[in-house]
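Reading through the structure tokens given below for one structure.
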Amino acid sequence: MNFYDDQHKESNENNEISNQDFLEKTNVFPKEEFRQAPPPPPRYPKPKKASKLKYFIVALMGAVLGSAISLAVTYMYLPEILQQGGTINLPAPNVTIEPQQDLTVYTAVAEKAMPSVVGITTVTLQRDVFFGTRRASGLGTGVIVDARGYILTNSHVVGDGDVEEVMVLLHDGTRLPAEVLWYERTLDLAIIKVEGGNLTPAELGNSDELKVGEIAVAIGNPLGLNFERTLTQGVISGLNRSIPLGQGQTIEDLIQTDASINPGNSGGPLLNALGQVIGINTAKIQTGEGLGFAIPINTAKPIVDQFIEKGEFTRVLLGIRGINADAFEGFTGTRLAVETGVYVVEIEANSVAERYDLRPGDVVIGIGEHKVETMGHLIRELYRYRPGDATTIQIVRNEREMEIEVVL
């Protein structure tokens, strides 16, 4: 190497150092970065995925633990909550537990009325074309209306008077024979009597004051004495109902109830919330549910009162044979001046009707203060009267309304 080369090398080295110093001083590149490249990022091991089984086990343990805590809290604090007023407050929704007061009503009615309810068994003679005369048994219910042994029931329970034997099963299990004193098929009511002491009569209510929606309780012997004195409850579903009896006759002004009434309940009491008899159960519509019917007790009261006062009953008769006005129009095609009433077909000799000049062709439309729309209405209204009572009969004769005063 010559002198020129050495001098040039030294000069280049000096220049190189000078350039570095310049770059460092101007902070264009940091000193360390100028000297070496940045280190690579650290490499960590890849995490392993947790298995689904572990998640399931953890969730299951959490659910079990939560349920155990809830049960423990409920067990510790529920009795105290109930004692403080019967209210449990939950986050959503709020649930309130309230006592059912109606349950005490039904229990009280049962305790009051049960001793007055009796079972009735009958033996009737039926004539059969193939087997001749045979004995048939029947079952029904009755209610004691007087301590001397008078019992109110349905006429059909005692075979409409055509019965060979009637037995009564009292509340204490005693069986006594009974005598049929009175029955009326068109009202489906009958009075029978037993000879016995210490009988508990039922309290009679007022069926004229009934309203739809009131509590109704029926007691009877459905489907046999194995279910004697069964209590069913419901409400008064309707008033002034009519059901057909057959042969052109109907029972009118009935009480409708949804309290269950089955074969064997017939003749038993329908009671209100005070335990008073408001009706006598009579029938159920077989093709429908919750359609039971009872005869208003006010229909039977005049008969019951006479038996209690006199020990017998004398029926007041007007002395006519009649048919419902609409049925007469349907049978004959004749149009009458009125739509409802009783068309007089025949007048009996020596009767009240003959004495006061009622005539065939008249249409009876009222008695006293009450309207008469059917033969059933007329019969029921006549039971309100006793021999010697005076009243008025409203009729339509030759399309003209008339009022006749009579003494029954």
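The sequence shown begins at 1 in UniProt numbering and counts up one residue at a time.
Here a beta-carbon is modelled for each residue, glycine too, at the ideal position from N, C-alpha and C.
Practice task
For Asn-398, count neighbouring C-beta atoms within 10 Å of its own C-beta (all shown protein chains included) and say buried if the count is 16 or more, exposed if not.
Solution key: Locating residue 398 in the sequence shown gives position 398, counting from the first residue. Result: exposed.
Problem - Limits of the beta strand (DSSP E) - the one that Leu-139 falls within - result: Against the sequence shown, residue 139 aligns to sequence position 139. Start and end: 132 to 144.
Exercise for the section: Going by DSSP, name the residue or residues bridged to Val-338. Expected result: In the sequence shown, the residue the question calls residue 338 occupies position 338. Val-338 pairs with nothing; no bridge assigned.
Practice task
Tell me whether Thr-153 sits in a helix, a strand or coil according to DSSP, three-state version.
Solution key: Reading the sequence shown from its first residue, position 153 is the one you call residue 153. In this structure, Thr-153 counts as strand in the three-state DSSP scheme.
Handout entry: C-alpha gap between Ile-69 and Gly-62, whole angstroms
Key = Here residue 69 is taken as the residue at index 69 of the sequence shown, counted from 1. Here residue 62 is taken as the residue at index 62 of the sequence shown, counted from 1. Roughly 11 Å separates the two Cα atoms.
Problem - Short Cβ contact (8 Å threshold) for Gly-322 with Val-352 - result: Within the sequence shown, residue 322 is the residue found at index 322, counting from 1. Within the sequence shown, residue 352 is the residue found at index 352, counting from 1. Cβ atoms of Gly-322 and Val-352: not closer than 8 Å.
Exercise for the section: Pull up the CB-CB distance for Thr-121 and Gly-138, whole angstroms please, since I reckon it's below 8 Å. Expected result: For the purposes of this step, residue 121 is taken as the residue at position 121 of the sequence shown. For the purposes of this step, residue 138 is taken as the residue at position 138 of the sequence shown. Indeed they touch by this definition, with Cβ atoms about 7 Å apart.
Exercise for the section: State the start and end residues of the unbroken alpha helix (DSSP H) segment that holds Glu-381. Expected result: Residue mapping note: residue 381 aligns to position 381 of the sequence shown, counting from 1. That run of the alpha helix (DSSP H) goes 375 to 382.
Exercise for the section: Please determine if the stretch 287 to 298 and the stretch 317 to 333 are in contact, where contact requires at least 3 C-beta pairs separated by less than 8 Å. Expected result: no
Practice task
Could you please give the first and the last residue of the uninterrupted alpha helix (DSSP H) stretch that includes Phe-307?
Solution key: Numbered from 1 along the sequence shown, position 307 holds the residue referred to as residue 307. Element bounds for Phe-307: 297 to 310.
Practice task
Provide the residue span of the alpha helix (DSSP H) that contains Glu-354, from first to last.
Solution key: One-based indexing of the sequence shown puts residue 354 at position 354. Run containing Glu-354: 352 to 355, per the alpha helix (DSSP H) assignment.
Handout entry: Closest Cα partner of Val-364 within the set Arg-384, Ser-207, Val-338 and Asp-208
Key = Numbered from its first residue, the sequence shown carries residue 364 at position 364. Minimum Cα distance to Val-364 is reached at Val-338.
Handout entry: Classification of Lys-371 by the beta-carbon crowding that lies within 10 angstroms, buried from 16 upward
Key = Locating residue 371 in the sequence shown gives position 371, counting from the first residue. It is exposed - the Cβ of Lys-371 has fewer than 16 other Cβ atoms within 10 Å.
Practice task
Would you mind sorting Pro-269 into buried or exposed? The rule is 16 or more other CB atoms within 10 Å of its CB.
Solution key: The residue you call residue 269 lines up with position 269 of the sequence shown. Result: buried.
Handout entry: Classification of Ile-57 by the beta-carbon crowding that lies within 10 angstroms, buried from 16 upward
Key = Here the question's residue 57 lines up with position 57 in the sequence shown. Label assigned to Ile-57: exposed.
Handout entry: Between the CA atoms of Leu-408 and Ala-390 - distance to the nearest angstrom
Key = Residue 390 sits at position 390 when you count from the first residue of the sequence shown. Residue 408 sits at position 408 when you count from the first residue of the sequence shown. About 6 Å.
Practice task
Could you check the C-alpha separation between Ile-280 and Gln-256 for me, to the nearest Å?
Solution key: The count along the sequence shown starts at 1 and reaches residue 280 at position 280. The count along the sequence shown starts at 1 and reaches residue 256 at position 256. Cα to Cα, Ile-280 sits roughly 11 Å from Gln-256.
Handout entry: Contact with chain D by Ile-251, beta-carbon distance below 8 Å
Key = The displayed structure is made up of one protein chain only, and chain D is not part of it.
Practice task
Use the C-beta contact count for Glu-195: other C-beta atoms within 10 angstroms, 16 or more gives buried, fewer gives exposed.
Solution key: In the sequence shown, the residue the question calls residue 195 occupies position 195. Exposed: under 16 other Cβ atoms inside 10 Å.
Practice task
State the DSSP-derived secondary structure class of Pro-115, mapped to helix, strand or coil.
Solution key: In the sequence shown, residue 115 corresponds to position 115, counting from 1. Here Pro-115 sits in helix by DSSP.
Problem - Span separating the alpha-carbon of Leu-204 from that of Ile-144 - result: Position 204 of the sequence shown, counting from 1, holds the residue named residue 204. Position 144 of the sequence shown, counting from 1, holds the residue named residue 144. For Leu-204 and Ile-144, the distance between alpha carbons rounds to 10 Å.
Problem - Inter-residue spacing [alpha-carbon to alpha-carbon] between Ala-349 and Tyr-356 - result: Within the sequence shown, numbered from 1, the residue matching residue 349 stands at position 349. Within the sequence shown, numbered from 1, the residue matching residue 356 stands at position 356. The straight-line gap from Cα to Cα measures roughly 12 Å.
Handout entry: Nearest-angstrom Cα separation, counted from Phe-130 out to Ala-216
Key = Here the question's residue 216 lines up with position 216 in the sequence shown. Here the question's residue 130 lines up with position 130 in the sequence shown. Cα to Cα, the separation comes out at about 44 Å.
Exercise for the section: Take the Cβ of Gln-233 as the centre, count every other Cβ of all protein chains shown within 10 Å, and call the residue buried at 16 or more, exposed below. Expected result: The count along the sequence shown starts at 1 and reaches residue 233 at position 233. Its Cβ being crowded by 16 or more others within 10 Å, Gln-233 is buried.
Problem - Pro-360 versus Asn-272, Ile-395 and Phe-331, residue with shortest Cα-Cα distance - result: Taking the first residue of the sequence shown as position 1, residue 360 is located at position 360. It is Ile-395.
Practice task
With a threshold of 16 other CB atoms inside 10 Å of the CB of Val-212, please say whether the residue is buried or exposed.
Solution key: Against the sequence shown, residue 212 aligns to sequence position 212. It counts as exposed.
Practice task
Mind checking who Val-396 pairs with in its DSSP beta bridge?
Solution key: Within the sequence shown, numbered from 1, the residue matching residue 396 stands at position 396. Beta-bridge pairing links Val-396 to Val-363 and Glu-401.
Handout entry: Beta-bridge partners of Val-316, as assigned by DSSP
Key = Mapped onto the sequence shown, residue 316 falls at position 316. DSSP output for Val-316 lists no bridge partner at all.
Practice task
On a CA-only basis, which of His-377, Met-375 and Gly-366 is nearest Val-406? Give me that one, please.
Solution key: Position 406 of the sequence shown, counted from the start, is the residue given in the question as residue 406. Considering only alpha carbons, the answer is Gly-366.
Practice task
Have a look at Ser-237 and Phe-293 and give me their C-alpha separation to the nearest angstrom.
Solution key: Counting from one through the sequence shown, the residue named residue 237 turns up at place 237. Counting from one through the sequence shown, the residue named residue 293 turns up at place 293. Ser-237 and Phe-293: Cα-Cα distance of roughly 10 Å.
Handout entry: Nearest to Leu-239 (by Cα), restricted to the options Phe-307, Glu-164 and Leu-291
Key = Sequence index remark: in the sequence shown, residue 239 carries index 239 (1-based). Cα-wise, what sits closest to Leu-239 is Leu-291.
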